[in-house]
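> Below is a structure I'd like to ask you about.
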Amino acid sequence: MEVKIKHLVIAPVLALFLFIALTYLSPWQHNVIITASLTFFIAYLWVTEALPIPVTSLIPFFAFPIAGVINHKEAASALGSHVILLLMGAFMLAKAIEKSKVHERIALGMVSFIGSSSAFKLIFAFMASAAVLSMWISNTATVLALLPVAIAVTQASADKKFKIALLLGLAYSASLGGVGTLIGTPPNVIFASVYEEFAHQEFNFLQWMKTGIPIILLAIPLMAWWLSRGVTLNEKIHLPKVGVWRTEEVRALLVFGFIAMLWVFRKAPFGGWSGLFDLKMVGDSSIALFGVVLMFLVNNGKQRVIDSNPSKTVNDKLLDWKTASDIPWGMLLLFAGGICIAKAFVASGLSEIIGQQLSSFTQLPTLLLLFALCISVSFLTEITSNTATATLLMPILASAAIGANLPIELLMIPAVISCSCAFCLPVATAPNSIVFASGEVTIADMARQGIALNVIVAVVTTTVCYFTLL
């Protein structure tokens with residue numbers, strides 16, 4: 000029997016066994032038991048990928064209404080969540096940036112500015128560039144843009160350790176950089192959606208950055224130091240020339256910068272621009288979609304010939320539908336499925352029960368609790384999808400925090416950040432896979448450095464979250 004078919008058989012059997020066991024052995028009501036059993040079934044399929052993750056993500060939309068936990072309108076509202084629209088808009092804006100290639104110019108400009116006089120400075124320069132880009136565009140696009148440059152730079156040195164350090168630094172910083180903003184990586188958006196479901200209020204862009212940015216500022220130099228220790232450069236490194244700015248790059252950067260400022264200053268300081276202009280009905284998703292439309296309206300400075308007739312031309316835009324539609328739609332379904340599960344947790348009462356059951360763990364000293372959470376999640380997500388891990392953990396941790404009378408973000412944010420900090424295996428993240436596929440790094444190289452860096456970043460995340468969220 001094929002592995003995937005085997006899991007498709009095992010999943011319902013185990014879920015049924017759990018349902019029967021809970022029915023006869025627990026005092027829980029039917030809705031709680033059916034919610035727990037269905038969630039286990041969906042989680043098993045997500046982790047094993049017996050079905051494509053987006054397909055599995057459709058199950059909550061019909062399973063919970065059939066089970067009578069929530070009605071079809073409540074389930075469908077998960078897909079219409081403003082968080083889904085925010086992520087869709089952010090994906091499309093990132094596509095416009097990638098189309099203009101301004102991200103490549105920014106990265107090379109940062110590397111040239113920081114310099115290449117030592118192994119540490121050069122590795123740190125590439126890592127800082129990747130982290131900054133990954134705050135706004137996908138970590139995959141970041142690595143793909145910088146990898147050819149990094150490989151060209153490593154060819155100038157005969158030191159194998161330098162090559163490994165630079166390439167691993169590129170992968171790791173692209174993953175970590177995403178924690179800097181609310182749209183930087185999908186798990187952050189999952190947090191925002193579940194937080195709103197439990198707290199009944201929005202977690203805004205600036206709130207997130209107060210925790211995410213300090214983690215990046217502390218962790219990236221530490222990671223660069225660890226990777227570059229004992230590495231020396233005996234040859235002069237020549238970086239590629241970036242050339243003059245193109246019109247398309249300037250306009251794409253201006254539009255995106257404008258949208259980023261609208262996100263950051265929507266509610267702060269002093270009520271932000273939304274308070275100043277009495278636009279309190281506007282949210283981050285509104286801004287994202289406004290930005291997408293702007294990208295479709297602004298010319299990129301080029302003209303395209305129509306029907307091979309030089310007299311017929313049209314102005315190209317910063318974004319076209321072919322480019323915009325090439326986003327990970329399946330990822331949106333995964334998030335929506337996670338929101339639907341969170342709704343079922345609350346409606347059935349399962350979230351309250353989980354909170355009571357986990358409250359004993361929250362009696363640990365706060366620093367120890369946060370570190371244990373960070374290190375556990377970072378190693379767990381080495382072998383599971385970080386988005387699936389975040390989707391499963393967020394409702395559970397929100398429930399635990401409520402049961403212990405803690406701010407729910409205190410447990411949720413360290414965990415969701417740790418979902419982006421899997422540094423040991425090629426399968427853990429897309430950046431790891433891309434760098435490993437270059438053939439320049441072995442699994443042993445990645446695991447040897449990754450274990451230490453998992454711990455280092457867990458310590459940084461614990462410390463920052465302790466001081467910014469309590």
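Here the sequence shown is numbered in numbering that gives the first Met the number 0, starting from 0 and rising by one per residue.
C-beta: ideal position from N, C-alpha, C; glycine also.
What you are looking at is a predicted structure, and each value in this text was computed from that prediction instead of being measured.
#1: Enumerated in chain order, which unbroken segments of the alpha helix (DSSP H) with a length of 4 residues or greater are wholly contained in the region 292-349?
#2: Between Cys464 and Leu369, is the Cβ-Cβ spacing less than 8 Å?
#3: Going by C-alpha distance, which of Leu205, Lys100, Ser133 and Ala389 is nearest Phe264?
#4: Figure out for me which residue from Val54, Ala66 and Ser56 has the closest Cα to the Cα of Ser36.
#5: Where in the region 194-227 do unbroken runs of the beta strand (DSSP E), each at least 3 residues long, occur, reported from the N-terminal end onward?
#6: Would you report the Cα separation of Trp224 and Ile69, rounded to the nearest angstrom?
#7: Round the Cβ separation of Ala77 and Cys339 to the nearest angstrom and send it over; I've been treating them as touching at under 8 Å.
#8: I'd like to know whether the C-beta atoms of Gly348 and Val12 end up nearer to each other than 8 Å.
#9: Can you tell me where the alpha helix (DSSP H) holding Trp135 begins and where it ends?
#10: Check whether the region 155-170 touches the region 428-439, counting contact only when three or more Cβ pairs, one atom from each stretch, lie closer than 8 Å.
#11: Report, in whole angstroms, the separation of the C-beta atoms of Glu439 and Ile150, which I expect to be a contact under 8 Å.
#12: If you check the beta carbons only, do Leu165 and Phe125 fall under 8 Å apart?
#13: When you compare the CB positions of Ala129 and Thr141, do they come within less than 8 Å of one another, or not?
#14: For Ile9, I'd like the list of residues in its chain whose CB is within less than 7 Å of its CB, leaving aside the five on either flank, ordered along the chain.
#15: Of all the options Ser99, Ile189 and Trp272, which has the alpha carbon lying nearest to the alpha carbon of Leu261?
#16: By the 10 Å Cβ neighbour count, where 16 or more other Cβ atoms means buried, how is Arg250 classified, buried or exposed?
#17: Can you grab the Cα-Cα spacing for the pair Ala399 / Gln355, in whole Å?
#18: What did DSSP end up calling Pro394 once you bin it into helix, strand or coil?
#19: Put Leu366 into one of helix, strand or coil per three-state DSSP.
#20: Decide yes or no for the touch test of the region 411-427 against the region 441-457: beta carbon pairs closer than 8 Å, at least 3 of them.
#21: Between which two residues does the alpha helix (DSSP H) holding Asp444 run?
#22: Mapping DSSP to helix, strand and coil, what is Ser419?
#23: Out of Glu351, Leu238, Asp283 and Trp244, which one is the CA nearest neighbour of Pro155?
#24: Starting from the C-beta of Lys279, find all residues in its chain whose C-beta is less than 8 Å away, skip the five residues before and the five after it, and write them out in chain order.
Considering the structure as presented:
#1: Counting whole runs of 4 or more residues, the region 292-349 contains the alpha helix (DSSP H) stretches 320-323 and 328-347.
#2: Yes, the pair counts as a contact, with Cβ atoms nearer than the cut-off.
#3: Checked all of Leu205, Lys100, Ser133 and Ala389; the closest Cα to Phe264 is Leu205.
#4: With distances taken between CA atoms, Ser36 lies nearest to Ala66 out of Val54, Ala66 and Ser56.
#5: With a minimum length of 3 residues, no continuous beta strand (DSSP E) run stays inside the region 194-227.
#6: A straight line joining the alpha-carbon of Trp224 with that of Ile69 spans about 51 Å.
#7: Right, their Cβ atoms sit about 4 Å apart.
#8: No; because the gap between Cβ atoms is not below 8 Å, this pair is not in contact.
#9: Here Trp135 belongs to no alpha helix (DSSP H), and DSSP marks it neither H nor E.
#10: Touching, yes, given that three or more Cβ pairs across the two stretches are closer than 8 Å.
#11: Confirmed, about 7 Å.
#12: Yes. Within cutoff.
#13: Yes.
#14: Hits under 7 Å: none found.
#15: The shortest C-alpha to C-alpha distance from Leu261 to any of Ser99, Ile189 and Trp272 is the one to Trp272.
#16: By the neighbour-count criterion, in which 16 or more other beta carbons inside 10 Å mark a residue as buried, Arg250 falls on the buried side.
#17: C-alpha separation (whole angstroms): 7 Å.
#18: Of the three classes helix, strand and coil, the one that applies to Pro394 here is helix, per DSSP.
#19: It is helical.
#20: Contact between the region 411-427 and the region 441-457 is present, with at least three C-beta pairs closer than 8 Å.
#21: Its alpha helix (DSSP H) spans residues Ile442 to Leu468.
#22: Here Ser419 sits in coil by DSSP.
#23: Correcting the residue identity first, residue 155 is Ala in this sequence and not Pro. Of the candidates Glu351, Leu238, Asp283 and Trp244, the one whose C-alpha sits nearest the C-alpha of Ala155 is Leu238.
#24: Once the five neighbours on either side are set aside, the close Cβ partners of Lys279 are Ser273.
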